[in-house]
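J.: Can you keep this structure in mind? I'll have questions shortly.
There are 2 protein chains.
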Amino acid sequence: MPRSVAAHRQAVVELLSGVLSKRDSIALPLLQALGTALAEDVHAPLSLPPFANSQMDGFAVRSADIPDGGAELRVAAPVPAGATPAALKPGYAAPIMTGAMMPEGADAVVPIEKATPDTFPDPAAVEAVVELPPVAPGTFVRDSGSDIAKGALALAAGTRMGPAQLGLLAALGMTTVNVRRPCRVLLITTGDEVVEPGEDLSVGKIFDSNGTLLEASMLQAGLDVVRTGISSDHPSTLLSVIRQYTGAAESGVDLILTTGGVSKGAYEVVRQAMADQPVEFLPVAMQPGGPQGLGTFDGVPFLGFPGNPVSCLVSFEMFLRPALSHVLGTPAPRPMLKAPLAESLTSPEGKHQVRRGTVDGKGTVRMEGGPGSHLVHAMARANALVQIPSDVTELAEGDEVEVWML
Amino acid sequence: MPRSVAAHRQAVVELLSGVLSKRDSIALPLLQALGTALAEDVHAPLSLPPFANSQMDGFAVRSADIPDGGAELRVAAPVPAGATPAALKPGYAAPIMTGAMMPEGADAVVPIEKATPDTFPDPAAVEAVVELPPVAPGTFVRDSGSDIAKGALALAAGTRMGPAQLGLLAALGMTTVNVRRPCRVLLITTGDEVVEPGEDLSVGKIFDSNGTLLEASMLQAGLDVVRTGISSDHPSTLLSVIRQYTGAAESGVDLILTTGGVSKGAYEVVRQAMADQPVEFLPVAMQPGGPQGLGTFDGVPFLGFPGNPVSCLVSFEMFLRPALSHVLGTPAPRPMLKAPLAESLTSPEGKHQVRRGTVDGKGTVRMEGGPGSHLVHAMARANALVQIPSDVTELAEGDEVEVWML
Numbered sequence: 011m012p013r014s015v016a017a018h019r020q021a022v023v024e025l026l027s028g029v030l031s032k033r034d035s036i037a038l039p040l041l042q043a044l045g046t047a048l049a050e051d052v053h054a055p056l057s058l059p060p061f062a063n064s065q066m067d068g069f070a071v072r073s074a075d076i077p078d079g080g081a082e083l084r085v086a087a088p089v090p091a092g093a094t095p096a097a098l099k100p101g102y103a104a105p106i107m108t109g110a111m112m113p114e115g116a117d118a119v120v121p122i123e124k125a126t127p128d129t130f131p132d133p134a135a136v137e138a139v140v141e142l143p144p145v146a147p148g149t150f151v152r153d154s155g156s157d158i159a160k161g162a163l164a165l166a167a168g169t170r171m172g173p174a175q176l177g178l179l180a181a182l183g184m185t186t187v188n189v190r191r192p193c194r195v196l197l198i199t200t201g202d203e204v205v206e207p208g209e210d211l212s213v214g215k216i217f218d219s220n221g222t223l224l225e226a227s228m229l230q231a232g233l234d235v236v237r238t239g240i241s242s243d244h245p246s247t248l249l250s251v252i253r254q255y256t257g258a259a260e261s262g263v264d265l266i267l268t269t270g271g272v273s274k275g276a277y278e279v280v281r282q283a284m285a286d287q288p289v290e291f292l293p294v295a296m297q298p299g300g301p302q303g304l305g306t307f308d309g310v311p312f313l314g315f316p317g318n319p320v321s322c323l324v325s326f327e328m329f330l331r332p333a334l335s336h337v338l339g340t341p342a343p344r345p346m347l348k349a350p351l352a353e354s355l356t357s358p359e360g361k362h363q364v365r366r367g368t369v370d371g372k373g374t375v376r377m378e379g380g381p382g383s384h385l386v387h388a389m390a391r392a393n394a395l396v397q398i399p400s401d402v403t404e405l406a407e408g409d410e411v412e413v414w415m416l
Numbered sequence: 011m012p013r014s015v016a017a018h019r020q021a022v023v024e025l026l027s028g029v030l031s032k033r034d035s036i037a038l039p040l041l042q043a044l045g046t047a048l049a050e051d052v053h054a055p056l057s058l059p060p061f062a063n064s065q066m067d068g069f070a071v072r073s074a075d076i077p078d079g080g081a082e083l084r085v086a087a088p089v090p091a092g093a094t095p096a097a098l099k100p101g102y103a104a105p106i107m108t109g110a111m112m113p114e115g116a117d118a119v120v121p122i123e124k125a126t127p128d129t130f131p132d133p134a135a136v137e138a139v140v141e142l143p144p145v146a147p148g149t150f151v152r153d154s155g156s157d158i159a160k161g162a163l164a165l166a167a168g169t170r171m172g173p174a175q176l177g178l179l180a181a182l183g184m185t186t187v188n189v190r191r192p193c194r195v196l197l198i199t200t201g202d203e204v205v206e207p208g209e210d211l212s213v214g215k216i217f218d219s220n221g222t223l224l225e226a227s228m229l230q231a232g233l234d235v236v237r238t239g240i241s242s243d244h245p246s247t248l249l250s251v252i253r254q255y256t257g258a259a260e261s262g263v264d265l266i267l268t269t270g271g272v273s274k275g276a277y278e279v280v281r282q283a284m285a286d287q288p289v290e291f292l293p294v295a296m297q298p299g300g301p302q303g304l305g306t307f308d309g310v311p312f313l314g315f316p317g318n319p320v321s322c323l324v325s326f327e328m329f330l331r332p333a334l335s336h337v338l339g340t341p342a343p344r345p346m347l348k349a350p351l352a353e354s355l356t357s358p359e360g361k362h363q364v365r366r367g368t369v370d371g372k373g374t375v376r377m378e379g380g381p382g383s384h385l386v387h388a389m390a391r392a393n394a395l396v397q398i399p400s401d402v403t404e405l406a407e408g409d410e411v412e413v414w415m416l
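These protein sequence lines are chains B and Y, in that order.
Our numbering puts the first sequence at residues 11 to 416.
Our numbering puts the second sequence at residues 11 to 416.
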């Protein structure tokens, strides 16, 4: 009985867990860490804001100086952002700019538009006064540590480093961050029928699109990809190609990924090459991408995807990408949403079908091409994967399906 | 009256349209083109599949050779993928592998599991026979051009280059692709109060997080970022910093982006520096990120974002990113979805509020921190922007809101 999609995804998670949980971390400059996952908790080395500051352009005051009816206060020296102001004397109001440090003694800010006059006096003016309404203590003051207090947990280990997370680390004064080293994948496409794009295409051959498709998918997911040339359908060639890269102790290959040669035909090079390794070749109840290989090769985790381009993309998105998100914390999972179908469709019983579709501006999803796993042009028009569970055989126009946005 | 979010976004689109529509293209190797947009239509230089091939492991037959009751056929030489098979003689069935070229004369494939025996004979066996059921012409044959015909439009100008699109170009034998040159942005953070992360933080100063936040956002969006040092609050300093980069004809700067100094306070360096330029400073009915600058500086498109980090992120996501998607075709728009609120909230009348939130596994969204634009730690916990339209002032727990997934 074929394995379910969920069970195979879990098997990929388990395959990766052992290796990746032991991974070393690497210190990277903030911007180079974009898309990686934090190796360890980061605690705030300072409070944010580091000091109480004004939330508005206005007047910093001692709130007790202004009774219910308002008061006329003398205007102190203005406080621009970045300056260290003198303490505010009783009976004075200090012009203060957004973000500027609150003077000692001041406990509230009256916005400039509530002052009379509602413009700042010329800094050269002597003895200027301003009339201000009453204000509660703390008004328009951003207290020190109100975003985060010194020593508090800023980001937890495993957090994905996006613009906001890197911006926080910069605000905390950091220039580098310890992140989990990206997973290194050795990618090998196999098949006597495939030739590198740009070479001559003789009769019976096709250009290799799996290599480009999967390398691009993995780069987008933040992986470190080592790509070999195309391997022939001779098991000994494939074995020597793999060992050329994984043989060295310092190769750092975390995962070997092959395409093709995993089904039940007569010339299945990956199956043959893995005969002496603890690798299982099994059917997963999924269409496309049913035949899958999983195990270890010379102790290195191994996945064997089928050879059709659509099967490769679906295998990556359904198994490897979610497993990496789960184990490493990166990449981000694909956004999932429910969308009504623009058309009816059928699906084989007992197989989880993954169709390629386009979610339009109104949120409706229509199919791009049929279910065939060779339809790479149709796949290139799609912006989503449409998930049809294994127990569903027919869907009507308007029925809701789960889609994963690519 | 403040400008609406939609009107300001449209103004940014118009600002970028003139420059970007005239952009030169650049030929890049496929993988380097990931995330760019196609400069021109690509037509298929060959058909896909290039030749009729088998969709299954099985026997290629002349369907007319098998009557309703089935037939015993002689087994021809096997056809592996990548081989050029001999023509199929009448009365013969050729073992054929998935993806292998159909022999001349064969018009259908019987899957191996429907054959008797259901395994392929040893290729060395002489005079082997196989019993096969009847099959309709075309069964399990992928016709030449059934995915795309030679000369047909493969990808239209403006298409974003993701893994599937690059995989299609590889399948078509291409190794490079003409794409629109990424937009080059000159990024300048301003403020006497900000210092570079890693430097000494004296009293009243804060570390610059806007530079990291925006550079990371723009790198993630596929832009080419040129970053200056922090500019002081002296307009002459800011002018000389900008002209140092944009003065050279070959600088290639498409857009100048500043942070800070755009509101109505007394020390608004960007406003002051742009006094002689056709730049408008205006309030947008949005919170945070209300004060915005837009125009041209020495003829180069200019945008001025406010100085708080949350305002910068919101300004980028609400204005610049969608405008680039619209004008350049890349980056992809943020996925938008409807999510029920985990809590009630209020929003100021007449302002489109953008809150930071987290969409959880059940699809519910809860707020991260309050509306304050200095809350960078809260922002770093969010995975979505929550959109509260300007005419909405109160929402209850369970009400649906539009969220943009970050």
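Backbone N, C-alpha and C fix where the C-beta goes; we use that ideal spot for every residue, glycine too.
#1: Can you find at least 3 beta carbon pairs, one from the stretch 387-406 of chain B and one from the stretch 345-362 of chain B, that sit closer than 8 Å?
#2: With a cut-off of 8 Å, does the C-beta of GLN230/Y fall near any C-beta of chain B?
#3: Quick one: is ASP218/B buried, meaning 16 or more other Cβ sit within 10 Å of its Cβ, or exposed?
#4: Buried or exposed for SER10/Y, please, with buried defined as at least 16 other CB atoms from any protein chain shown within 10 angstroms of its CB.
#5: Taking buried to mean at least 16 other C-beta atoms within 10 Å of its own C-beta, is GLU290/Y buried or exposed?
#6: Counting only Cβ pairs nearer than 7 Å, list the residues of chain B close to LYS215/Y.
#7: Cβ atoms of LEU292/Y and GLN302/Y: under 8 Å apart, would you say?
#8: Contact defined as beta carbons within less than 8 Å: I believe VAL22/B pairs with LEU330/B. What is the distance between those atoms, to the nearest angstrom?
#9: Identify, in the order they occur along the chain, each residue of the same chain with its Cβ nearer than 8 Å to the Cβ of GLU203/Y, setting aside the five sequence neighbours on each side.
#10: Between the C-alpha atoms of ALA164/Y and GLY177/Y, what's the straight-line distance to the nearest angstrom?
#11: Report the residues of the stretch 379-391 of chain B with a CB closer than 9 Å to any CB of chain Y, ordered along the chain.
#12: Taking DSSP's pairing of strands, which residues face LEU163/Y in a bridge?
#13: Here's the rule I'm using: 16 or more other beta-carbon atoms within 10 Å means buried, otherwise exposed. How should ARG84/Y be labelled?
#14: What separation, rounded to the nearest whole angstrom, lies between the Cα atoms of VAL402/B and GLU359/B?
#15: Using beta-carbon positions only, say whether VAL386/Y and PRO298/Y come within less than 8 Å of one another.
#16: I'd like to know whether the C-beta atoms of LEU334/B and GLY168/B end up nearer to each other than 8 Å.
#17: From the DSSP output, read off the bridge partner residues of ILE398/Y.
#18: Under three-state DSSP, which class holds ILE266/B?
#19: Would LYS361/B be called buried (16 or more neighbouring beta carbons within 10 Å of its own) or exposed?
#20: In angstroms with no decimal places, state the Cα-to-Cα distance between PRO60/Y and GLY148/Y.
#21: Among the residues of its own chain, which have a CB less than 8 Å from the CB of VAL369/B, if the five just before and after it don't count?
#22: Starting from the N-terminal side, write out each stretch of the alpha helix (DSSP H) that is 4 residues or longer and does not extend beyond the stretch 162-193 of chain B.
#23: At least one CB of chain Y closer than 8 Å to the CB of MET112/B: is that the case?
#24: By alpha-carbon positions, which one of GLY161/B, ILE398/B, ALA159/B, GLY270/B ends up nearest to ASN220/B?
#25: Just to confirm my understanding: we take GLY101/B, look at its own chain, exclude 5 residues before and 5 after, and list those with CB closer than 7 Å. What are they?
#26: Over what stretch of residues does the beta strand (DSSP E) that includes MET389/Y continue unbroken?
#27: Output needed in chain order: residues of the stretch 202-226 of chain Y with a Cβ under 9 Å from some Cβ in chain B.
#28: Starting from TYR277/B, find everything on chain Y with Cβ-Cβ shorter than 8 Å and list it in chain order.
#29: According to a CB-to-CB cut-off of less than 9 Å, which residues of the stretch 349-367 of chain Y neighbour chain B?
#30: Which whole-angstrom value is the C-beta distance of SER73/B and ALA110/B, which I expect to be below 8 Å?
#31: Can you find a CB in chain B that lies within less than 8 Å of the CB of ILE158/Y?
#32: Kindly indicate the opening and closing residues of the alpha helix (DSSP H) around ALA283/Y.
#33: Keeping to the same chain, check which residues put their C-beta closer than 7 Å to that of GLY232/Y; ignore five residues upstream and five downstream.
#34: For the stretch 172-190 of chain Y against the stretch 13-27 of chain Y, do three or more pairs of beta-carbon atoms, one drawn from each stretch, fall closer than 8 Å, so that the two count as touching?
#35: Check for me: the beta strand (DSSP E) holding PRO245/Y runs from which residue to which?
#36: Compare the C-beta of THR126/B with all C-beta atoms of chain Y and state if any pair is closer than 8 Å.
T.: Concretely, from the data shown:
#1: yes
#2: yes
#3: Label assigned to ASP218/B: buried.
#4: Since the first residue of chain Y shown is 11 and the last is 416, residue 10/Y is not available in this structure.
#5: Residue environment: GLU290/Y is assigned as exposed (fewer than 16 neighbouring CB atoms within 10 Å of its CB, all protein chains considered).
#6: GLY92
#7: Pairing GLN302/Y with LEU292/Y gives a Cβ-Cβ distance under 8 Å.
#8: 6 Å
#9: GLY214, LYS215, ILE216
#10: 12 Å
#11: GLY379, GLY382, SER383, HIS384, LEU385, VAL386, HIS387, ALA388, MET389, ALA390, ARG391
#12: HIS53/Y
#13: exposed
#14: For VAL402/B and GLU359/B, the distance between alpha carbons rounds to 7 Å.
#15: The answer is no: Cβ separation not under 8 Å.
#16: no
#17: GLN363/Y
#18: strand
#19: Counting C-beta atoms within 10 angstroms of its own C-beta, LYS361/B has 16 or more neighbours from the protein chains shown and is therefore classed as buried.
#20: 16 Å
#21: LEU347, ALA349, VAL375, ASN393, ALA394, VAL413, MET415
#22: 173-181
#23: no
#24: GLY270/B
#25: ASP75, LEU83, ARG84
#26: Annotation for MET389/Y: no beta strand (DSSP E) segment contains it, though the alpha helix (DSSP H) segment containing it runs 386-391.
#27: ASP202, GLU203, VAL204, VAL205, GLU206, PRO207, GLY208, GLU209, LEU211, SER212, VAL213, GLY214, LYS215, ILE216, PHE217, ASP218, SER219, ASN220, GLY221, THR222, LEU223, LEU224, GLU225, ALA226
#28: Going along chain Y in sequence order, the residues near TYR277/B (Cβ under 8 Å) are PRO90, ALA91, MET107.
#29: ARG366
#30: That belief does not hold up - the Cβ atoms of SER73/B and ALA110/B are roughly 18 Å apart, past 8 Å.
#31: Yes, ILE158/Y lies at the interface with chain B (some Cβ there is under 8 Å from its Cβ).
#32: 279-283
#33: GLY45, THR46, PRO192, THR340, PRO341
#34: no
#35: Premise fails: PRO245/Y lies in the alpha helix (DSSP H), 245-256, not in any beta strand (DSSP E).
#36: No, no contact with chain Y.
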